[in-house]
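As given, the protein sequences belong to chains A and B, one line each in that order.
Note that this note's numbering gives residue 8 to position 8 of the first sequence, counting from 1, and the numbers run on in steps of one.
Note that this note's numbering gives residue 266 to position 266 of the second sequence, counting from 1, and the numbers run on in steps of one.
What follows is a set of notes on a single structure, which appears directly below.
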Amino acid sequence: MSHQPPVAPAPPASLGRRIAAVLRGGTLFSLAAVSIGFAVGLVAPGPGPGARPVLELLASGGADALTAFGLLGLTLVPVAVAIVAGVTFAETGERRHMLFSICVLALLVASVVVATLLSLAG
Amino acid sequence: MPTELLLILSGLIAGTFGAMVGVGGGILIVPILTLGFGMPLTAAVGTSLICVIATSTGAAALNVRAGRADVRLGMQLAAATVIGAATGGIAAGMVPDRVLAGLFAALLAYTAFTMLEGLRRASGASPDASGLDPTAPDGPVAPPYRGHRLPLAWAGSLVAGNVSGLLGVGGGVVTVPLLRLVMGAPMRVAITTSNFMIGMTAAAGAYAYLFRGEIDPRIAAPLVLGVLAGAALGAGIAARLRPSWLAGLFVIVVAYVAVRMAMRAIGAG
Chain A
1 MSHQPPVAPA
11 PPASLGRRIA
21 AVLRGGTLFS
31 LAAVSIGFAV
41 GLVAPGPGPG
51 ARPVLELLAS
61 GGADALTAFG
71 LLGLTLVPVA
81 VAIVAGVTFA
91 ETGERRHMLF
101 SICVLALLVA
111 SVVVATLLSL
121 AG
Chain B
1 MPTELLLILS
11 GLIAGTFGAM
21 VGVGGGILIV
31 PILTLGFGMP
41 LTAAVGTSLI
51 CVIATSTGAA
61 ALNVRAGRAD
71 VRLGMQLAAA
81 TVIGAATGGI
91 AAGMVPDRVL
101 AGLFAALLAY
111 TAFTMLEGLR
121 RASGASPDAS
131 GLDPTAPDGP
141 VAPPYRGHRL
151 PLAWAGSLVA
161 GNVSGLLGVG
171 GGVVTVPLLR
181 LVMGAPMRVA
191 ITTSNFMIGM
201 TAAAGAYAYL
211 FRGEIDPRIA
221 APLVLGVLAG
231 AALGAGIAAR
241 LRPSWLAGLF
251 VIVVAYVAVR
261 MAMRAIGAG
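Rendered as structure tokens:
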């Protein structure tokens, strides 16, 4: 009879390290996309696309699509934070906080879904 | 001067000023975009929320890693602020511009009043002067605490989230006093935890604006870059200036903007 080796709980400090890494990495990645898109958009001829739904902007391609991708990425950093927090709490056996993280994640995803549906409905 | 440069400068000013006095840039970005650039209020609110997310995630990375923010407490309350912000973001599309302007003027007046109270308490001899003063230290070691009165904090967080999603601010003007006075968190923990929550809150509100098509990438991009640079600059400058002078100047600016927004609400501005 074989036994699975017990999963070592993540030390408390790893929660902060992991979330900080996601926050820093996500912010830098998103801002890099925003900066490049903005810089390319400045030198590109013609007026900007104006305020349009983000899905349309992404589909349009070009510099403004890259900027929109960066802006959308920035808003998705908190989603990644909620995922990482939930996983870390699950590893450390903090059931209550894991449930709160799942709840925050579900609400953020629901916000995206509702916003998408409302925009599609016109 | 090209509009892009003006937007970067505006973001820089809002970010610097916001970081210097310990509030997010959102409280200044919305008036700058509406009163200065003539943008519709809902578009300004959505753009401001993007800037709020950027400043929050940037600062939260440092605070969370250093253990200054209470992630567990933040996640508990974020569940409520996210609901409030998402509903606020959706509702903003249905609320007339002038009503939003009136609500924003009320928020600015409340912020100015809170800062004024903080100044008054700081100048007095009250031992509990740190109650609403974001610049007050907790001492060398923050006292141990245990978050309590969660249902009341949830109710307040729901309101804070709604204010954020509807008016494009971080909601720290509500969550910091909530964490400090209702839940008993030390001031520094209240500020850093509120900042951690603000990213999630603002994101929930921002989706509605992004997907509704109210955010122009060529306006949001320079503003975000300016605000982030300003936030870094402001944090450095604030350490060299007297907090009371900064707060006093901020109260004057916010009171002036509140009057301008109130005039817009009644159709006189």
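Glycine included, each C-beta is placed from N, C-alpha and C at the ideal position.
In this structure, Thr193 (chain B) keeps its C-beta atom at 8 Å or more from the C-beta atom of Asp97 (chain B). Taking C-beta atoms under 8 Å as the contact rule, Val169 (chain B) and Cys51 (chain B) fail to qualify, at a distance of about 10 Å.
Taking a Cβ-Cβ cut-off of 7 Å, the neighbours of Gly58 (chain B) in chain A comprise Thr27, given in sequence order. Per DSSP, Gly168 (chain B) lies in no alpha helix (DSSP H) segment and is marked neither H nor E. Within chain A, the residues whose beta carbon sits less than 8 Å from that of Met200 (chain B) are Pro78, Val81, Ala82, Val104, Leu108, listed in sequence order. In this structure, Ala202 (chain B) sits near Leu49 (chain B), with a CB-CB distance shorter than 8 Å.
Taking a Cβ-Cβ cut-off of 7 Å, the neighbours of Ala68 (chain A) in chain B comprise Pro217, given in sequence order. For the 8 Å CB-CB criterion, Pro217 (chain B) and Leu71 (chain A) form a contact. As the crow flies, the alpha-carbon of Leu116 (chain B) is around 41 Å from that of Thr88 (chain A).
Residue-level contact by beta carbon fails for Pro186 (chain B) and chain A, as no gap is shorter than 8 Å. Contact check for Ile83 (chain B) against Ala206 (chain B) fails: the beta carbons are separated by 8 Å or more.
Where Ala268 (chain B) is concerned, there is no enclosing alpha helix (DSSP H), because DSSP gives it neither an H nor an E. With respect to the 8 Å criterion, Thr57 (chain B) and Gly171 (chain B) are not classified as neighbours on the basis of their beta carbons.
By the C-beta density criterion, Gly93 (chain A) is exposed, having fewer than 16 other C-beta atoms within 10 angstroms. Within the same chain, Phe89 come within 6 Å of His97 (chain A) by CB-CB distance, once the 5 residues on both sides are set aside. Annotation for Ile32 (chain B): Ser10, Ala14 place their beta carbon closer than 7 Å to its own, counting only its chain and skipping 5 residues before and after. Annotation for Thr34 (chain B): no alpha helix (DSSP H) segment contains it, and DSSP assigns it neither H nor E. Leaving aside the five residues that flank Val257 (chain B) on each side, the residues in its chain whose CB is nearer than 7 Å to its CB run, in chain order, Pro31, Leu108. In the same chain as Leu100 (chain B), and ignoring 5 residues on each side of it, the C-beta atoms closer than 6 Å to its own belong to Leu41, in chain order. Pairing Val21 (chain B) with Phe211 (chain B) gives a Cβ-Cβ distance that is not under 8 Å.
At a cut-off of 8 Å between C-beta atoms, Ala78 (chain B) counts as an interface residue with respect to chain A. In terms of CA proximity to Met183 (chain B), B:Leu152 leads the group B:Leu158, B:Leu152, B:Gly213, B:Tyr209.
When secondary structure is reduced to three states using DSSP, His97 (chain A) falls in the helix class.
One thing to note: Gly25 (chain B) has its Cβ within 8 Å of the Cβ of Gly18 (chain B).
Where Leu49 (chain B) is concerned, the enclosing alpha helix (DSSP H) starts and stops at 41-65. For Leu58 (chain A), no CB of chain B lies under 8 Å from its own CB, so it is not counted at the interface with that chain. One alpha carbon belongs to Val176 (chain B), the other to Ser60 (chain A), and they sit about 41 Å apart. Listed along chain A, the residues sitting closer than 8 Å to Val64 (chain B) by beta-carbon distance are Gly16, Ile19, Ala20, Leu23. At the C-beta level, Val54 (chain A) and Ala68 (chain A) come within 8 Å of one another.
Secondary structure note for Met20 (chain B): its alpha helix (DSSP H) is the uninterrupted segment 3-21.
Nearest to Val22 (chain A) by alpha-carbon distance, out of B:Phe104, B:Gly234, B:Leu5, B:Arg65, is B:Arg65.
Residue state for Asp64 (chain A) is assigned as helix, using DSSP reduced to three classes.
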